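Inspection log for the structure reproduced underneath, given as structure tokens.
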Amino acid sequence: MQLEQVGPYLWRIPRDAERGMRVPGLVVADERLIASIRSDAALEQLANGATLPGIVRAALAMPDIHQGYGLPVGGVVATDAVHGVISPGAIGFDINCGVRLVKSSVDAADIAARMERLVDALYAAIPTGVGSRGALTLDARTLDEVLARGAAWAVERGYGVPDDLERIESGGCLDGADPGKVSDRARERGRRQLGTLGSGNHFLEVQVVDEVEDARAAEALGLHVGQAMVMIHTGSRGLGHQVCTDYLDVAGKALRRHGISVPDRQLACAPNDSPEARDYLGAMRAAANFAFANRQLLTHWARDVFARVLGADARELAVVYDVAHNIAKVEEHVVDGVVRRLTVHRKGATRAFPGQPVIVPGDMGRYSYLLVGTEAAMRETFGSTCHGAGRVLSRSAAVRAARGRRVDLELRERGVVARATGKDALAEEMPEAYKDVKDVVDVVHRFGISLRVARLRPLGVIKG
DNA sequence: ATGTAC
């Protein structure tokens, strides 16, 4: 794949009309990261993304890009909201997978002696693992409300406070959600999964503010060094997965009906002004609302656990921000001096509007970051930035590398109490399975599409 | 990511 450097942190795949590219590909990276990206099939997938009808400016990739389904994880594709297309594969299976950061009113040093108890209690209170079922079972009408209202539904039911909603992307509820476009099968999978963590890289961590880089921004968000925090990384579980599966099929059929050709069936798509696209958008927004409600419920149970284990005062867990990294949003952006309405696909990419908190989780042994979005992100990346570290070992390679080792004890030596459900969950997710998130964050910070505010270090983690 | 194969 031809790749030319066009700036200190920007690389271009030139537009190749023969392969159907309508625009170039652009990768945000430095020399070191681009070396590992070069050998990855992700660049082919990014070039494929550049063929989507109605794509604007470029198919973009963040520095944590890696191979995904259709479009690489770390990809950002903006299409004309009327004359372009929407592609379920360019959003991903875990619709509104995202991250929530919550601040506590206690210092980590004051709860260090009770960390084992705290993590055990969180692990007992929050269902984890593949296929895990929640404390709730929703009837059809209640599920409709969750799908239509998102986190607002949870807060109305007492799972949180109205202030929480002010600190969630889009207020924790996407307008235009259409529960009627979510299949019975997806609904059945979701019915017992609200308030569950899931598996894989999903987690709930107790963290500490390790270092503050932007003192003013940190103070404005109420953060200080030494403060205990909670970070939650999960999405729409089996419901969102089924919505994606259902609409990949719809989009596959739409290709023929609308005379669209794509180089990879995984990039199947439908014109934004077609019934197929409207249906998918309605279902995707409903799944996104399910995910917002999911993170809200986990926050509620974390509050209960903090109060029970640490005392009533510790119940005060306030949302700092909650942001999606697998989603499509219809947004206005300035392109060549003209305001345009675009369908922005972010797949493993985080919205980074000016002043907006951005949460970038790393691996469970090292650290995560809080950043803030910028005007540069609006100019360069349709208001987007990276979403995490990215794997360096496959799951199976990680399990092989961990054979004969005790990852739980290794984490304990690094000061992290870990509890997990799956047999190989800790091995698959061990720190050395991931790139150092610091390298990824350095690039987006230097390029200017989001700026470091604080670094967070894990103290306790529960996983599926 | 995922009732990790309907």
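Quick note on numbering: the first sequence equals residues 6 to 469 in our numbering. Cβ coordinates follow ideal geometry from the N, Cα and C atoms, glycine included. What you are looking at is a predicted structure, and each value in this text was computed from that prediction instead of being measured.
Nearest-angstrom Cβ-Cβ length linking Tyr-187 and Leu-143, presumed shorter than 8 Å: Taking the first residue of the first sequence as position 1, residue 187 is located at position 182. Taking the first residue of the first sequence as position 1, residue 143 is located at position 138. The sequence given here has Val at residue 187, not Tyr. That pair is no contact at about 12 Å.
Close beta carbons around Ile-42, own chain, < 7 Å, minus the five adjacent residues each side: The residue given as residue 42 occupies position 37 in the first sequence. Hits under 7 Å: Val-32, Ala-34, Leu-48 and Ile-70.
Among Ser-401, Thr-348 and Arg-451, nearest to Ala-432 - alpha-carbon criterion: In the first sequence, residue 432 corresponds to position 427, counting from 1. Closest by alpha carbon: Ser-401.
N-terminal and C-terminal residue of the beta strand (DSSP E) that Ile-364 is part of: Numbered from its first residue, the first sequence carries residue 364 at position 359. Here the beta strand (DSSP E) through Ile-364 covers 362-365.
Where the alpha helix (DSSP H) through Gln-212 begins and ends: Taking the first residue of the first sequence as position 1, residue 212 is located at position 207. Gln-212 -> not in any alpha helix (DSSP H); beta strand (DSSP E) instead, spanning 208-217.
CA-to-CA distance, Leu-209 to Thr-56, given in whole angstroms: As a position in the first sequence, residue 56 is number 51, starting the count at 1. As a position in the first sequence, residue 209 is number 204, starting the count at 1. For Thr-56 and Leu-209, the distance between alpha carbons rounds to 38 Å.
Euclidean distance between Cα positions of Arg-119 and Ala-126: Sequence index remark: in the first sequence, residue 119 carries index 114 (1-based). Sequence index remark: in the first sequence, residue 126 carries index 121 (1-based). If I take the Cα positions, the gap works out to 11 Å.
Closest Cα partner of Asp-341 within the set Ile-131, Ala-46 and Ala-63: Within the first sequence, numbered from 1, the residue matching residue 341 stands at position 336. The candidate whose alpha carbon is nearest that of Asp-341 is Ala-63.
Beta-carbon separation (whole angstroms), Ile-100 vs Ala-292, contact threshold 8 Å: In the first sequence, residue 100 corresponds to position 95, counting from 1. In the first sequence, residue 292 corresponds to position 287, counting from 1. Contact flag correct, Cβ pair sits at about 4 Å.
Residue range of the alpha helix (DSSP H) that includes His-246: Locating residue 246 in the first sequence gives position 241, counting from the first residue. His-246: member of the alpha helix (DSSP H) spanning 242-262, first to last residue.
Enclosing alpha helix (DSSP H) for Gln-50 [first to last residue]: Walking along the first sequence from the start, residue 50 turns up at place 45. In this chain, the alpha helix (DSSP H) harbouring Gln-50 covers 47-54.
Which of helix, strand or coil DSSP assigns to Met-383: As a first step, residue 383 must be located in the first sequence, where it is residue number 378. In the structure shown, Met-383 sits in a helix (DSSP, three-state: H, G or I).
Whole-number beta carbon distance between His-305 and Tyr-164, since they are thought to touch under 8 Å: In the first sequence, the residue the question calls residue 164 occupies position 159. In the first sequence, the residue the question calls residue 305 occupies position 300. So it is a contact: roughly 4 Å between Cβ atoms.
DSSP bridge partner residues for Gln-232 (one or two, in chain order): Position 227 of the first sequence, counted from the first residue, corresponds to residue 232. DSSP lists Asp-112 as partners of Gln-232.
Spatial distance of Leu-315 from Arg-356 (CA atoms): The residue given as residue 315 occupies position 310 in the first sequence. The residue given as residue 356 occupies position 351 in the first sequence. When rounded, the distance between both Cα atoms is 34 Å.
Pro-280, enclosing alpha helix (DSSP H) - first and last residue: Along the first sequence, read from residue 1 onward, the residue named residue 280 stands at position 275. Unbroken alpha helix (DSSP H) run through Pro-280: 280-315.
Opening and closing residue of the beta strand (DSSP E) in which Ala-95 lies: One-based indexing of the first sequence puts residue 95 at position 90. No beta strand (DSSP E) holds Ala-95; DSSP gives it neither H nor E.
Residue range of the unbroken alpha helix (DSSP H) whose run includes Ser-41: In the first sequence, the residue the question calls residue 41 occupies position 36. Unbroken alpha helix (DSSP H) run through Ser-41: 36-43.
Among Ala-273, Ser-109 and Ser-266, nearest to Asp-251 - alpha-carbon criterion: Locating residue 251 in the first sequence gives position 246, counting from the first residue. Among Ala-273, Ser-109 and Ser-266, the Cα nearest to that of Asp-251 belongs to Ala-273.
Beta-carbon gap between Gly-388 and Glu-321 smaller than 9 Å: The residue given as residue 388 occupies position 383 in the first sequence. The residue given as residue 321 occupies position 316 in the first sequence. Not a contact, by the Cβ cut-off of 9 Å.
Own chain residues within Cβ distance below 6 Å of Arg-105, not counting five before or after: The count along the first sequence starts at 1 and reaches residue 105 at position 100. The answer, listed in chain order, is Ile-237, Arg-300 and Asp-327.
When Leu-226, Ala-223, Arg-460 and Ile-332 are compared against Arg-290, the one with the closest alpha-carbon: Taking the first residue of the first sequence as 1, we reach residue 290 at position 285. Of Leu-226, Ala-223, Arg-460 and Ile-332, the residue nearest in Cα terms is Ile-332.
Integer-rounded CB distance, given that Ala-83 should sit under 8 Å from Val-349: Taking the first sequence and counting its residues from 1, the one referred to as residue 349 is at position 344. Taking the first sequence and counting its residues from 1, the one referred to as residue 83 is at position 78. Sure, about 5 Å apart at Cβ, within 8 Å.
Nearest-angstrom Cα separation, counted from Arg-460 out to Lys-428: Walking along the first sequence from the start, residue 428 turns up at place 423. Walking along the first sequence from the start, residue 460 turns up at place 455. Going from the Cα of Lys-428 to the Cα of Arg-460 covers about 30 Å.
Assigned exposure category for Lys-334 - 16 Cβ within 10 Å defines buried: As a first step, residue 334 must be located in the first sequence, where it is residue number 329. When all chains shown are included, Lys-334 counts as buried.
DSSP three-state assignment for Ser-455, whether helix, strand or coil: Against the first sequence, residue 455 aligns to sequence position 450. In this structure, Ser-455 counts as strand in the three-state DSSP scheme.
Sequence ranges, alpha helix (DSSP H) only - wholly within the segment 116-154, length at least 4: The segment 116-154 is shown to contain whole alpha helix (DSSP H) runs of 4 or more residues at 120-130 and 145-154, in chain order.
Selection from Gly-89, Ala-256, Val-421 and Pro-436 that minimises the alpha carbon distance to Arg-396: Looking up residue 396 in the first sequence gives position 391. Of Gly-89, Ala-256, Val-421 and Pro-436, the residue nearest in Cα terms is Pro-436.
Which of helix, strand or coil DSSP assigns to Arg-162: In the first sequence, the residue the question calls residue 162 occupies position 157. Shown here, Arg-162 sits in coil according to DSSP, grouped into three states, outside any helix or strand.
Contact under 9 Å by Cβ, Gly-97 with Gln-271: Counting from one through the first sequence, the residue named residue 97 turns up at place 92. Counting from one through the first sequence, the residue named residue 271 turns up at place 266. No; because the gap between Cβ atoms is not below 9 Å, this pair is not in contact.
Proximity of Val-324 and Asp-168 at Cβ, strictly below 9 Å: One-based indexing of the first sequence puts residue 324 at position 319. One-based indexing of the first sequence puts residue 168 at position 163. Yes; because the gap between Cβ atoms is below 9 Å, this pair is in contact.
Close beta carbons around Val-248, own chain, < 7 Å, minus the five adjacent residues each side: Position 243 of the first sequence, counting from 1, holds the residue named residue 248. Cβ within range, chain order: Ile-100, Val-187, Ala-191, Ala-288, Met-289 and Ala-292.
Pair within 9 Å by beta-carbon distance, Leu-416 and Met-369: Taking the first sequence and counting its residues from 1, one reaches residue 416 at position 411. Taking the first sequence and counting its residues from 1, one reaches residue 369 at position 364. Yes, Cβ-Cβ distance for Leu-416 and Met-369 is below 9 Å.
Rounded separation between Glu-193 and Gly-378 - CA only: In the first sequence, counting from the first residue as 1, residue 193 sits at position 188. In the first sequence, counting from the first residue as 1, residue 378 sits at position 373. Rounded to whole angstroms, Glu-193 to Gly-378 spans 37 Å at the Cα level.
Arg-419 versus Tyr-372: straight-line alpha-carbon distance, rounded: Within the first sequence, residue 419 is the residue found at index 414, counting from 1. Within the first sequence, residue 372 is the residue found at index 367, counting from 1. If I take the Cα positions, the gap works out to 12 Å.
Proximity test, Asn-331 beta-carbon vs the ligand PLP heavy atom, cut-off 8 Å: What this structure holds is no ligand at all, so the ligand PLP is not there to describe.
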